[in-house]
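Reviewing the structure listed below.
In UniProt numbering, the protein residues as written are 1 to 398.
This is the structure in structure tokens:
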């Protein structure tokens with residue numbers, strides 16, 4: 001064998017990323033939150049991830065069904081617990097049926113690639129989550145036409161659907177976009193699809209458990225609960241505090257996914273402890289439908305007070321508040337100073353956002369106390385960089 005290391009180029013690429021301020025590092029956390037610390041970085045919107053009923057259900061499911069699913073759902077990984085979770089998810093969301101995947105990412109990949117064959121056209125919002133973008137890329141490789149429209153531009157979406165020239169048309173969009181937390185015009189997108197005989201596939205990862213009456217999701221909030229021609233993917237790892245994903249829609253679609261979605265057919269099923277935890281969290285949500293409202297109130301308070309302090313913060317439609325930093329370096333240092341003050345915040349920079357649009361991403365939680373919100377606001381404002389843009393009309397922020 002020669003002395004050439006084929007992986008040497010990866011080290012050089014890592015050095016380039018570090019020089020550009022794009023290095024990423026794992027930071028393992030301990031099992032308990034540090035005393036006085038406030039987490040505004042994770043997606044445990046309703047505070048269910050550590051709820052005794054949820055963790056207890058996970059432990060009980062592990063004892064009864066095992067730690068892992070043992071195989072794909074079509075071989076040995078399907079249990080009565082999975083079926084129970086799917087039935088309750090569908091009922092809660094107002095869909096005919098549901099299908100649980102091992103993650104929200106695999107749910108989106110499986111849904112889009114199973115629906116979009118070589119005769120299909122996909123019309124996609126440029127701001128969609130990476131899972132929808134990757135799904136569209138896979139569909140394009142299989143012959144599907146992919147058309148992009150500017151983020152939130154419903155007129156451009158309608159025009160693309162009308163002009164695409166393919167028999168089968170599908171519009172792909174997030175409901176709540178993960179970076180700025182803005183809610184798409186779901187009703188308008190549905191009308192555009194209906195006018196053009198197209199299907200509407202939505203990623204409601206940040207909407208389920210957050211928007212809609214009692215957290216029933218973005219379709220419910222738009223008055224489209226159970227509407228024909230519409231389906232949604234969601235995650236069990238955000239508002240429900242567990243792990244996994246699901247597709248919710250008509251029975252014909254769910255049957256098609258069971259038989260053709262590669263990320264379902266060839267993937268090990270969702271682990272029973274995660275299924276048990278998600279089911280317990282869903283039941284907690286149904287028992288306390290005011291939690292999503294408290295969550296949204298906290299998000300609005302964070303936004304209002306950050307803007308009052310002169311920062312360029314988004315006005316949230318759901319739980320996410322985005323605060324423009326100015327540069328990738330300032331975003332990283334700002335997040336680090338917040339962490340040192342005991343407040344964890346998200347830090348988004350390229351390629352997650354366009355160059356020059358780096359920002360902090362704060363996620364509200366329904367279980368935060370007023371004192372914790374006060375402490376978080378104080379830390380974020382005190383740690384602001386000198387170059388942080390001021391509040392006001394800022395491109396990309398509302």
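The C-beta atom is built at its ideal place from N, Cα and C for all residues, glycine as well.
These numbers come from a predicted model, not from an experiment.
Can you round the beta-carbon distance between residue i and residue j to whole angstroms, since I take them to be within the 8 Å contact cut?
i, j, result
"residue 401", "residue 221", "Residue 401 lies beyond the residue range present for the chain, which begins at 1 and ends at 398; the question has no answer from this structure."
"residue 141", "residue 254", "Not confirmed; about 25 Å, so no contact."
"residue 180", "residue 322", "5 Å"
"residue 304", "residue 391", "About 10 Å; that fails the 8 Å criterion."
"residue 61", "residue 276", "3 Å"
"residue 53", "residue 280", "5 Å"
"residue 285", "residue 209", "6 Å"
"residue 46", "residue 362", "About 16 Å separates the two Cβ atoms, so there is no contact after all."
"residue 99", "residue 258", "7 Å"
"residue 132", "residue 108", "5 Å"
Please name the residue or residues paired with residue i in a DSSP beta bridge.
i, result
"residue 361", "322 and 346"
"residue 380", "Answer by DSSP bridge pairing: none, since residue 380 is not bridged."
"residue 175", "In the DSSP output, where bridge partners are listed per residue, residue 175 has none listed."
"residue 168", "120"
"residue 390", "311"
"residue 147", "123"
"residue 268", "72"
What separation, rounded to the nearest whole angstrom, lies between the Cα atoms of residue i and residue j?
i, j, result
"residue 56", "residue 121", "45 Å"
"residue 158", "residue 193", "8 Å"
"residue 344", "residue 64", "36 Å"
"residue 30", "residue 298", "26 Å"
"residue 110", "residue 95", "18 Å"
"residue 399", "residue 75", "Not covered by the structure: residue 399. The range shown for the chain is 1 to 398."
"residue 124", "residue 135", "11 Å"
"residue 393", "residue 17", "Bear in mind that a pLDDT of 42 at residue 393, under 50, signals an unreliable position, so the number given afterwards is only what the model happens to contain. About 31 Å."
"residue 319", "residue 3", "52 Å"
"residue 138", "residue 282", "32 Å"
"residue 8", "residue 92", "51 Å"
"residue 213", "residue 6", "55 Å"
"residue 308", "residue 388", "14 Å"
"residue 232", "residue 70", "27 Å"
"residue 58", "residue 14", "38 Å"
"residue 149", "residue 113", "20 Å"
"residue 327", "residue 341", "21 Å"
"residue 80", "residue 22", "45 Å"
"residue 51", "residue 383", "31 Å"
"residue 171", "residue 200", "5 Å"
"residue 364", "residue 12", "38 Å"
"residue 329", "residue 238", "28 Å"
"residue 300", "residue 215", "16 Å"
"residue 161", "residue 168", "10 Å"
"residue 43", "residue 155", "32 Å"
"residue 252", "residue 115", "12 Å"
"residue 49", "residue 73", "25 Å"
"residue 293", "residue 19", "43 Å"
"residue 191", "residue 83", "33 Å"
"residue 302", "residue 290", "19 Å"
"residue 10", "residue 25", "16 Å"
"residue 178", "residue 118", "29 Å"
"residue 87", "residue 385", "49 Å"
Which same chain residues, not among the five before or five after residue i, have their C-beta less than 6 Å away from its C-beta?
i, result
"residue 68", "271"
"residue 223", "none"
"residue 174", "128, 129 and 203"
"residue 396", "A caution first: residue 396 carries a pLDDT of 42, below 50, which makes its placement in the model too unreliable to give a value."
"residue 183", "176 and 317"
"residue 104", "205, 235 and 245"
"residue 207", "175, 176, 217 and 218"
"residue 372", "38"
"residue 273", "58, 61 and 62"
"residue 368", "298"
"residue 260", "114"
Keeping to the same chain, check which residues put their C-beta closer than 7 Å to that of residue i; ignore five residues upstream and five downstream.
i, result
"residue 278", "85, 236, 240, 242 and 244"
"residue 106", "245, 263 and 267"
"residue 378", "none"
"residue 77", "69, 70, 71, 268 and 269"
"residue 188", "154"
"residue 248", "89, 90, 93, 95, 98, 231, 232 and 234"
"residue 256", "114"
Who are the near neighbours of residue i in its chain, counting only those whose CB is closer than 8 Å to its CB and skipping five residues on each side?
i, result
"residue 360", "322, 323, 325, 331, 334, 335, 338, 345, 346, 347, 348 and 380"
"residue 145", "120, 121, 122, 164, 165 and 166"
"residue 228", "250"
"residue 126", "148, 149, 150 and 151"
Review point. Going along the chain, which unbroken runs of the alpha helix (DSSP H) with 4 or more residues stay wholly within the segment 27–109?
Key: As far as the segment 27–109 is concerned, its whole alpha helix (DSSP H) runs of at least 4 residues are 52–65 and 80–93.
Review point. At what residue ranges does the segment 177–263 contain a whole run of the beta strand (DSSP E), taking only runs of 3 or more?
Key: For secondary structure counted as the beta strand (DSSP E) over 3 or more consecutive residues, the segment 177–263 holds these complete runs in sequence order: 199–203, 230–235 and 245–249.
Review point. Which ranges would you report for the beta strand (DSSP E) in the segment 280–326 if only whole runs of at least 3 residues count?
Key: For the beta strand (DSSP E) assignment, the uninterrupted runs of no fewer than 3 residues enclosed by the segment 280–326 are, from N- to C-terminal side, 320–324.
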